[in-house]
Structures are given as C-alpha cells and as structure tokens.
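Before any comments, here is the structure.
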Amino acid sequence: MGEASVRVVFFGSPEYALPTLRALLAAADCEVVAVVTQPDRRRGRSGRALPTPVKALALQSGVPVLEPQRLGRDETAQLAALRPDLGVVAASGHILPSHLLAAFPRHVLNVHASLLPRHRGASAVASAILAGDAESGATIMRVVREIDAGPLLGQARTPIEPLDTTATLTARIAELGAALLLQLLPRWVAGEIEATPQDESQATYAPKLSRADSLLDWSRPAVELWRRVRAFQPWPAATASYGDEPLTVHAAWPLAATPGAPPGSVLAGDGAPLTPLLPGRAARAVVACGEGALTLLRVQRPGRRAVEIEQYLNGDPALIGARLG
Numbered sequence: 018m019g020e021a022s023v024r025v026v027f028f029g030s031p032e033y034a035l036p037t038l039r040a041l042l043a044a045a046d047c048e049v050v051a052v053v054t055q056p057d058r059r060r061g062r063s064g065r066a067l068p069t070p071v072k073a074l075a076l077q078s079g080v081p082v083l084e085p086q087r088l089g090r091d092e093t094a095q096l097a098a099l100r101p102d103l104g105v106v107a108a109s110g111h112i113l114p115s116h117l118l119a120a121f122p123r124h125v126l127n128v129h130a131s132l133l134p135r136h137r138g139a140s141a142v143a144s145a146i147l148a149g150d151a152e153s154g155a156t157i158m159r160v161v162r163e164i165d166a167g168p169l170l171g172q173a174r175t176p177i178e179p180l181d182t183t184a185t186l187t188a189r190i191a192e193l194g195a196a197l198l199l200q201l202l203p204r205w206v207a208g209e210i211e212a213t214p215q216d217e218s219q220a221t222y223a224p225k226l227s228r229a230d231s232l233l234d235w236s237r238p239a240v241e242l243w244r245r246v247r248a249f250q251p252w253p254a255a256t257a258s259y260g261d262e263p264l265t266v267h268a269a270w271p272l273a274a275t276p277g278a279p280p281g282s283v284l285a286g287d288g289a290p291l292t293p294l295l296p297g298r299a300a301r302a303v304v305a306c307g308e309g310a311l312t313l314l315r316v317q318r319p320g321r322r323a324v325e326i327e328q329y330l331n332g333d334p335a336l337i338g339a340r341l342g
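Last residue of the sequence shown: 342 (the working numbering), numbering continuous.
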C-alpha cells in the first residue's frame, strides 16, 4: 500500500467482525484511527451492560472507540477530523448516512457474509443454509446507501458442509473475509481495482431473524427442518411444543424414509448408525415429518442444559410416543 499508512475507521460489533479488525490492526500499512461500534447492552442472566466484542478488542489495542446509537453529523465531524482514508464495515449494526460515506476519500468497504448479490441483509449466513445452498463465502463491496447493493471488489468461497450451523459457517466466512480484505486493500488503495456492479436480477434478501422463525412445522420435509435446526444455531434455536413447554432442538439428522405416523409423532429409532459424519450416533428418537423423518440428536427443556438425546431419554422416556406441536 505504499510507504504511508492507510488511515482506517472500522465499523463493527459482533464476533464476526473480530478477524477483520485483528487483520487491520496487524497490517503494517494500516492504521486503525477509530472504531465505531454499538453501545454497551445488558446481556446474560446477570443483566450487566457489556461491551461488544469489537469494543473490547479496540480498547485492549488502544484504539479510540465511538459507540453511538445512530450516526449523525456530529459523529461524521468527529471521524472526519481524524483524516481517514478508508472505512471498513463488518456487521456494525449502524446505518451509514451519505454525509458519513462522503468523509472517506477511498470510500467505505463492507466485508459481507454471503456471495452477493445472493442473500443481501442481516441473516445472510442463516439464509444460505435455509436455502440449501452448496456454498457461501465472503464478499468485499463498496458501501452505498442501498443495503448490500454496492459494487463488488472480490469474493472468497467456501462449501456449506452437512454439519455446518450458522455459528460454524459464520466463523469460517469471517476468517475468509478478513484474508480477502487484506489481499484486495493494497490494490484498491492504489486504484488498481475497478469495482463491478452487482447483477440486480440475481439479488435475494435475507431479513433479520426473530424468535417466531424458530418454530418447526412438522408437516414440512425433514431436509427442510434439518436446515432450519442448523440455520438457527446459535439463535433463535429451533423449537417445537412438547406438552406445555417448548423443546429446543439443537442438533438433528434427516432420514429419507417417511414413517407411517402423523407429522410430529415421536417414534423409537432402530438404533442404526446415521452417517459416517456422525460416528457413534444412531437413530433413537425419530420425528415423523411431511416427507421423511428427523432424528433428534441434542435437545433442551426450559431451565435445563442441552443434552444428547440418549441422556435425555433416560430422564424422559415418555418423549417416545408423544406428538410434538
């Protein structure tokens, strides 16, 4: 990137943003002059206000931190006074107004967790799993006012593995995105990259998830429900009604054969091994679906810890024969 350091303002909040921030902090030709993140929020059972992961790393690294609820003209003036060259965004949770974007001579780049234009929006990784996509990845794009619609600098791809959850796939994409950003940044700053407009005809959208999305509809095919279980880890976690309480399904595996029972019926499994991907795991509690069946592997009742299905059945054998809602 030349002899002079590129002055970068980093916008990010969750764990996903940490690999990119670490990469920028370690880059010899970058100087992170400020970090913008979400304000401290109450988390966990303690109810204590805790910093975002990005804020914690920034403070540990001695980088000034701004944590506004929204980015107004005062924040733009503060950042412009730092004479930044470039902004980098990785899941900051802020809307970047036009006056802020104009403060960066080399624009603002976003490390987005999908292969744009597919899966624009807040739940890109979960949406890729839900859709049954064969692959996902990271995209570096120039930020414009429309959400995730800016021109593309480059992409890095990774297959979506059968055991991937949103948590595992997000972590892998975060590392890919950080490496890709450092690879592209010198050429971008030098003016050697021309960003490519997205194909709007291929755009899909990934709206923010809610707890209502977590409910499993057993009339749906087992493969679809299996994707939902994986996509909703770690949040909002797939659930079904069992008696008067929810049963959270943390892990499951689909079976092709459709049992002769109403959808939601929990049947005793035959104990046969499931797949080489899950050594030692067998069908113990099988839920009939609209098409195929779903073998429960790890479940949780309210106020208790998540356990493997074998352990759960030791304490609640009545699950076999029940019907989940």
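Glycine included, each C-beta is placed from N, C-alpha and C at the ideal position.
Fair warning: this is a prediction, and the values are worked out from it, not measured in the lab.
* Compare the beta carbon distance of Arg-322 and Glu-262 with 9 angstroms and say whether it is the shorter of the two. => no
* To do: Note down, in chain order, each residue of its chain lying with its Cβ closer than 6 angstroms to the Cβ of Val-240, except the 5 sequence neighbours on either side.
  => Pro-271
* **Those runs of the alpha helix (DSSP H) which lie wholly inside the region 244-299 and span at least 4 residues** => none
* Asked: Whose C-alpha, out of Val-161, Val-23, Gly-29 and Thr-275, is nearest the C-alpha of Ala-119?
  -> Per the Cα distances, Val-161.
* Could you tell me which of Ser-236, Gln-250, Pro-253 and Tyr-259 sits nearest to Ala-375, measuring between CA atoms? => Absent from the model: residue 375. The displayed extent of the chain is 18 to 342, so no value can be given.
* Are the beta-carbon atoms of Gly-167 and Gln-200 separated by less than 9 angstroms? -> Taking the C-beta atoms as reference points, Gln-200 is found no nearer than 9 angstroms to Gly-167.
* Shortest alpha-carbon distance to Trp-205 belongs to which of Glu-178, Gly-260 and His-124? -> His-124
* Could you give the DSSP three-state label for Val-49: helix, strand or coil? => strand
* Where are the beta strand (DSSP E) runs, 3 residues long or more, that stay fully inside the region 31-95, in chain order? -> Counting only runs of at least 3 residues, the region 31-95 fully encloses the following beta strand (DSSP E) elements, listed from N- to C-terminal order: 47-53, 58-60 and 65-67.
* Asked: Between Val-82 and Leu-42, is the Cβ-Cβ spacing less than 9 angstroms?
  -> no
* In terms of residues, what are the limits of the beta strand (DSSP E) holding His-129? -> 125-129
* In terms of residue numbering, what span does the alpha helix (DSSP H) encompassing Ile-210 cover? -> Per DSSP, Ile-210 belongs to no alpha helix (DSSP H) and is neither H nor E.
* Given a threshold of 16 other Cβ atoms within 10 Å of its Cβ, counted over all protein chains shown, does Asn-127 qualify as buried or as exposed? -> buried
* Any idea what DSSP makes of Gln-317, helix, strand or coil? -> Three-state result, Gln-317: strand.
* Could you give the uninterrupted runs of the alpha helix (DSSP H) lying entirely in the region 136-202, keeping only those of 4 residues or more? -> Taking only runs of at least 4 residues, the alpha helix (DSSP H) segments lying wholly in the region 136-202 are 141-147.
* **Integer Cβ distance of Ala-269 from Gly-288, believed to fall under 8 angstroms** => The distance from the Cβ of Ala-269 to that of Gly-288 is about 17 angstroms, inconsistent with a contact at the 8 angstroms cut-off.
* Asked: By the 10 Å Cβ neighbour count, where 16 or more other Cβ atoms means buried, how is Lys-72 classified, buried or exposed?
  -> buried
* Asked: Which residue from Pro-290, Leu-193, Phe-28 and Thr-183 puts its Cα closest to that of Ala-248?
  -> Thr-183
* Asked: Over what stretch of residues does the alpha helix (DSSP H) that includes Gly-332 continue unbroken?
  -> 326-332
* Asked: Are the beta-carbon atoms of Ile-326 and Ala-310 separated by less than 9 angstroms?
  -> no
* When we look at the beta-carbon of Gly-281 and count the other beta-carbons within 10 Å, is it buried (16 or more) or exposed? -> buried
* Asked: So what does DSSP say about Leu-232, is it helix, strand or coil?
  -> strand
* To do: Identify every residue that forms a DSSP beta bridge with Ala-107.
  => Gly-29
* Cβ neighbour criterion (16 or more within 10 Å) applied to Arg-137 -> Arg-137 counts as buried, since at least 16 other C-beta atoms from the protein chains shown sit within 10 angstroms of its C-beta.
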